[in-house]
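Report on the following structure.
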Amino acid sequence: MKRIWLFLLVFLASSLVSAKVNLPAPSGFVNDFARVLKTETTSQLENILSAFERQSGIEIAVVTTPSLEEQPIEDYAVDLFKQWGIGKKGKDNGALFLIAPNERKTRIEVGYGLEGAINDALAGRLLDQVVVPRFKAGNIDEGIAAGTLAIVSRIAQSENIAFDLEAAASSMGVSSRSRGQKIPLPWPIKILIPIVMFYLFIRHPWLFLLFLGGGGRHGGGFSGGFGGFGGGMSGGGGASRGW
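Here it is as structure tokens:
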């Protein structure tokens with residue numbers, strides 16, 4: 392009888408803890424709930440991730456949160472991944488780039504279907520080499536942009552997807568209705584795209600030939616909006632860092 396009561400108490404306690412978690416609803420691929428991104432950076436990254444999803448079917452979510460609600464970032468990431476269903480159902484080809492600026496924590500969470508593209512060690516290196524140094528310098532906006540581009544580049548490389556980051560970014564500039572001109576790329580994106588590509592080409596020279604030849608899978612144009620995530624699941628893989 393005591394065991395039954397103990398089980399019920401543990402179950403009730405866990406239910407109450409879960410009830411305190413306030414996970415937001417997604418408004419796009421980029422969700423800046425902590426309000427640390429520049430408007431143009433948010434718009435440009437949204438366009439890039441949207442174009443990448445249409446071409447590859449892979450869903451990458453970028454989320455900043457004002458609070459982890461006293462949870463480890465790993466638990467928060469898994470809960471958020473599950474609630475949103477990042478990635479396509481049955482393929483689990485989603486990834487989450489989570490940033491908690493107030494707790495100074497960040498994590499890359501990877502779905503089952505992308506664990507071959509970004510394993511735990513690689514996720515840690517991306518954070519160590521691309522993201523955390525910029526965060527430590529106070530460049531949160533730039534660090535998020537650089538980290539997002541690095542994640543896209545790595546997945547495109549691993550999955551043999553010839554995705555042109557620069558073309559995706561520039562072609563999706565918002566057109567001016569009065570003059571028919573496009574708003575130029577914000578400078579962090581303009582500078583970071585060639586830096587990330589150079590880093591990947593140095594580490595993987597064969598990738599340069601792939602991009603020159605235009606091999607891999609190609610998609611259509613860069614247009615469309617966010618229609619929600621596809622019901623994917625997290626494999627629990629990835630890496631977390633503080634700064």
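Here the sequence shown stands for residues 392 to 634, numbered as in our numbering.
Here a beta-carbon is modelled for each residue, glycine too, at the ideal position from N, C-alpha and C.
On a predicted model such as this, the values are computed, not experimentally measured, just so you know.
Contact check, residue i vs residue j, beta carbons under 8 Å
i: A443; j: V543; result: The question names Ala, yet the displayed sequence has Phe at residue 443. A contact, by the Cβ cut-off of 8 Å.
i: E500; j: A536; result: no
i: T456; j: F420; result: no
i: G626; j: K479; result: no
i: I477; j: E450; result: yes
i: A486; j: I509; result: yes
i: S458; j: N493; result: yes
i: L518; j: Q474; result: no
i: L505; j: I546; result: yes
Residue i beta carbon near the ligand COA (any heavy atom closer than 7 Å)
i: V454; result: Ligands are entirely absent from the displayed structure, and the ligand COA is therefore not among its contents.
Cβ-based neighbour list, residue i, same chain, cut-off 6 Å, excluding 5 preceding and 5 following
i: S447; result: I552
i: P575; result: The predicted position of P575 is uncertain, since its pLDDT is 44 and thus under 50; a value taken from the coordinates is nonetheless stated next. Answer for P575: no residue qualifies.
i: F526; result: G534 and W634
i: V454; result: N422 and L489
i: P417; result: W475
i: K429; result: D532
i: F472; result: L487, E500 and S625
i: Q462; result: none
Neighbourhood of residue i by C-beta distance below 8 Å, restricted to the same chain and skipping five residues each side
i: A514; result: I499, V501, G628, G629 and A630
i: G507; result: S549
i: I464; result: L489, A491, E494, K496, T497, R498 and S631
i: D511; result: G628, G629 and A630
Cβ-based neighbour list, residue i, same chain, cut-off 7 Å, excluding 5 preceding and 5 following
i: G633; result: R495 and K496
i: E437; result: G419, F420 and V421
i: G621; result: E450, G476, G478, K479 and K480
i: Y503; result: D483, M624 and G626
i: G618; result: none
i: N530; result: none
Minimum Cβ-Cβ distance from residue i to chain B less than 8 Å
i: S544; result: Judged by its chain identifiers, the structure shown contains no chain B, having just a single protein chain.
Identity of the residues DSSP links to residue i by a beta bridge
i: A491; result: K496
i: I451; result: A486
i: D423; result: T455
i: S631; result: R498
i: G481; result: DSSP lists no partner for G481.
i: S434; result: None; S434 has no bridge partner.
i: G622; result: K479
Ignoring anything shorter than 4 residues or poking outside the segment 522-549, list the alpha helix (DSSP H) runs there in chain order.
523-527 and 531-549
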